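First residue of the sequence shown: 3, per this note's numbering; consecutive thereafter. We put the beta carbon where it would ideally sit given N, CA and C, even for glycine. In this text the structure is predicted, and so the values were computed from the model without any measurement. Below is one structure, written out as structure tokens; the observations come after it.
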Amino acid sequence: MRLGVSIPVEEKLSAQRLVELAKLAERGGFDTVVAGEVQGPEAMALLGAVAVSTERITIGTGVVAMQPRGATMTGMGFATLASLAPGRVWAGIGVSSPMVVEQWHGREFAAPLQYVREYVPHLRKTLDGERLDSGFKLTLDNEHRVPIVLAAMRPKMIELAGEVADGVFLTWCPPDEAEERVALARRGAERAGKNPDDLLVIVSFFAYAGPETDAALDRMRRYLVQYGCVPTHRDSFIGTMKNLDAVGEAWARGDRKGALELVSDDEVRHITVVGGAEDVVRRAAEYHAAGIDLPIMVATAARQGDELGPFATVEAVGKLLVEGGHA
């Protein structure tokens, strides 16, 4: 059973400790290690360190935003990673949100679907070493093709991922909604004349198997509210949070406590995992049964700055993978 781990780039852990966590994941038999990019480490630099510190594990981004960096520069970054870890790299990209793109990076948040249709072919040509209309041609040769995986949450973007990319990266997708989203992605691949079975379907889910389960459950609840109140992410939580409208209203008027109280423990556990390593592996199996090729657990801390939770989770789940013959 394939299972990946997303190292927690937003937990204020040093880049060195995140690399140590990636090495622990490799020793524990995980299939893949990914790193996102939000307000913490720059993903390419971090994964470059992971690449030279590991030997087997696949490396990907989960994900980097497209608008802040051009497709040519993004291609150069992934080509560099692929040169450091031949045959072990895939490129995870996404459109992000208006706040990240416009407020944090000062770029225009373009119409997502059209932007993806233009960006992905440009990135593909760059990675494949083709000469672009601008005259640019990558001089770094790679023996192995770097797959492009597109992050998608809404139906049209999920279908588009199947159409233009080599894989789709789902998130905030509970197991009981996964099969429908997988079908959307494969439908997009069929529409493009591709074999839908060749499409790599990935899903990430927040997971905690450390010692502070109560604190972790509260942390997960806050994640649900924060992400559920982002307009571009909201639709993914409709099937999980029955009071989503009221949660959004409370959050918008600054009533953080009230918003959090509207989300039950069962709702938190419906879309995240807080418990033991067995619960994490069971959730991964549920995703596989729904047609997901690669579930990726986001190794979350009980509180920001706590490294015990992520390390304990990766170690415990990795041990179970090895003992159970899954690795």
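- Contact between the region 250-261 and the region 225-232 is present: three or more C-beta pairs spanning the two stretches fall below 8 angstroms.
- For phenylalanine 207 and leucine 201, the gap between their C-alpha atoms comes out near 20 angstroms.
- Taking the C-beta atoms as reference points, glycine 278 is found no nearer than 8 angstroms to alanine 217.
- A straight-line Cα-Cα distance of about 23 angstroms links alanine 318 and alanine 291.
- Of the candidates Val118, His235, Val282, Arg221, the residue whose Cα lies closest to the Cα of valine 265 is Arg221.
- Classified as exposed, aspartate 143 has fewer than 16 neighbouring CB atoms from the shown chains inside 10 Å of its CB.
- As DSSP reads the structure, glycine 94 sits in a beta bridge with Val151.
- Excluding the 5 residues flanking it on each side, valine 232 has same chain C-beta neighbours closer than 8 angstroms at Ser99, Met101, in chain order.
- Valine 170 places its beta carbon less than 8 angstroms from that of isoleucine 204.
- Counting C-beta pairs with one atom in each stretch, the region 55-74 and the region 85-97 have three or more that are closer than 8 angstroms, which means they touch.
- Out of Val11, Val54, Leu15, the CA that lies nearest to the CA of glutamate 28 is found in Val54.
- Its Cα nearest to that of alanine 303, the residue Val275 stands out among Val275, Arg284, Gly320.
- At the C-beta level, leucine 162 and glycine 190 come within 8 angstroms of one another.
- Nearest Cα to methionine 46 within the set Lys25, Arg71, Glu57: Arg71.
- As for any alpha helix (DSSP H) of minimum length 4 sitting wholly inside the region 171-215, the runs are 177-193, ordered along the chain.
- The alpha-carbon separation between glutamate 110 and glycine 326 amounts to approximately 48 angstroms.
- Secondary-structure assignment with DSSP links glycine 320 through no beta bridge to anything.
- Note on alanine 81: 16 or more other CB atoms within 10 angstroms of its CB, so buried under the neighbour-count rule.
- The distance from the Cβ of isoleucine 95 to that of valine 52 is about 18 angstroms, inconsistent with a contact at the 8 angstroms cut-off.
- If you draw a 10 Å sphere on the C-beta of aspartate 130, you find fewer than 16 other C-beta atoms in it, and that means exposed.
- In chain order, Glu13, Lys14 place their CB closer than 7 angstroms to the CB of glutamine 306, counting only its own chain and leaving out the 5 sequence neighbours on each side.
- In terms of CA proximity to proline 157, Arg236 leads the group Arg126, Arg236, Lys244.
- Sequence-distant partners of glycine 293 (beyond 5 residues in either direction) whose C-beta falls short of 6 angstroms from its own C-beta, in its chain, are Glu181, Val184.
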